[in-house]
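First the structure, in the form of structure tokens, and then the observations on it.
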Amino acid sequence: MRFYSTKDRQNVVDLREAVLRSLPHDRGLYMPVSIPELAPDFWKSTPGKSLQDIALELASPYLEEDFSSSEIGAIIEQAVNFTAPVVEIEPGIHSLELWHGPSLAFKDFGARFMAAVMSRLVKDESRRLTILVATSGDTGGAVAAGFLGVENVEVIILYPSGKVSPLQEKQLTTLGQNIQAVEVEGTFDDCQALVKRAFLDSELNEKYMLSSANSINIARLIPQSFYYAGSYAQLDAPDDLVFCVPSGNFGNLTAGLIAHRMGLPVQKFIAATNVND
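Everything in the sequence shown is counted per this note's numbering, starting at 233 for the first residue and increasing by one.
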């Protein structure tokens, strides 16, 4: 699978470059050159299938040029090892529970998939991969849990002082091993700016192999499509499916749209946002 920069469609790279570099030099974002469409028969057959089985089908087109079938299976087994149940609230309205992973955040899906992919991409590298991530709380906890103990990978998490919950701060700061947390006097935006500045520093990138675990990385986005397909299966393939998605930077919503482009029958998406000044 090839990936292009949203700032320049001629800037095309392979999976390894898109995942490990994370951010193109032109400051765009990497997206698939084409989004694979799965056959209608696959979608009709999803009821009764496990989330792992569905995730394997969705992930394979993006990974099959770089990994064997057994490796892709191992990635999914490592990444999707918890459930995402659909619970009825009232007739016709359901809640998709995305808090059953180790950090209790939906970002466990992306972080664990990313860790599984990255660890295999760098297993023969002489240099360690350094993951830089800015967090306002839940991203850092998911990344810390997902990458804990992963060989040849070091994770540095920047978080704003006094702006994460006590539980979230413990998730970032108490694991040790290959996880380091840095408390920054400032806001989340300040943390994010420091991370982006690091990626655009050519000297720093020559000295260290840097990547990001924030939602700018395509390996965070692809696995978030899994639970949209999983919820469709749990609801027995309805023909009137509507997703209402709590939205911040629209990464979760984008993942839903990717699933839709892959053939998931969705009537519409509703982006639920707060009032922004």
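Think of the CB as a built atom: it goes at the ideal place given N, C-alpha and C, for glycine as much as any other residue.
Asked: Local conformation of residue 405 per DSSP, three classes; Found: helix
Asked: Span of the beta strand (DSSP E), counted from its first residue to its last, around residue 364; Found: 361–366
Asked: Between the CA atoms of residue 279 and residue 430 - distance to the nearest angstrom; Found: 45 Å
Asked: C-beta contact flag for residue 233 and residue 252 at 8 Å; Found: no
Asked: Limits of the alpha helix (DSSP H) - the one that residue 249 falls within; Found: 247–253
Asked: Cβ contact (3+ pairs, closer than 8 Å) linking the stretch 286–306 and the stretch 328–335; Found: no
Asked: Where residue 339 falls, given that 16 or more other Cβ within 10 Å makes a residue buried; Found: buried
Asked: Test item: CB-CB of residue 458 and residue 341 under 8 Å; Found: yes
Asked: Exposure of residue 371, with buried meaning 16 or more beta-carbon neighbours within 10 Å; Found: buried
Asked: Expected contact under 8 Å - CB spacing of residue 423 and residue 366 to nearest Å; Found: 4 Å
Asked: Selection from 489, 346, 360, 497 that minimises the alpha carbon distance to residue 448; Found: 346
Asked: Helix, strand or coil at residue 482 according to DSSP, with G and I counted as helix; Found: coil
Asked: Residue range of the beta strand (DSSP E) that includes residue 452; Found: Taken as a continuous stretch (DSSP letters only), residue 452 belongs to no beta strand (DSSP E), being part of the alpha helix (DSSP H) at 450–453.
Asked: Cβ pair count under 8 Å reaching 3, the stretch 432–442 against the stretch 473–482; Found: no
Asked: Own chain residues within Cβ distance below 6 Å of residue 374, not counting five before or after; Found: 335, 337, 339, 340, 343
Asked: Which of helix, strand or coil DSSP assigns to residue 325; Found: strand
Asked: Contained alpha helix (DSSP H) runs [length at least 4] in the stretch 271–348, N- to C-terminal order; Found: 272–276, 283–295, 301–311
Asked: Three-state secondary structure (DSSP) of residue 259; Found: coil
Asked: Among 276, 381, 411, the one whose alpha carbon lies nearest that of residue 471; Found: 276
Asked: Expected contact under 8 Å - CB spacing of residue 488 and residue 475 to nearest Å; Found: 6 Å
Asked: Same chain, Cβ closer than 7 Å to residue 272, five either side skipped, listed in chain order; Found: 495
Asked: Residue range of the alpha helix (DSSP H) that includes residue 499; Found: It is not in any alpha helix (DSSP H) - residue 499 carries neither H nor E in the DSSP assignment.
Asked: Cβ-based neighbour list, residue 298, same chain, cut-off 6 Å, excluding 5 preceding and 5 following; Found: 247
Asked: Proximity below 8 Å, CB of residue 382 to CB of residue 358; Found: no
Asked: Member of 401, 391, 405 whose CA lies at the smallest distance from the CA of residue 446; Found: 391
Asked: DSSP three-state assignment for residue 440, whether helix, strand or coil; Found: coil
Asked: Nearest-angstrom beta carbon gap, residue 414 and residue 389 [assumed within contact, 8 Å]; Found: 7 Å
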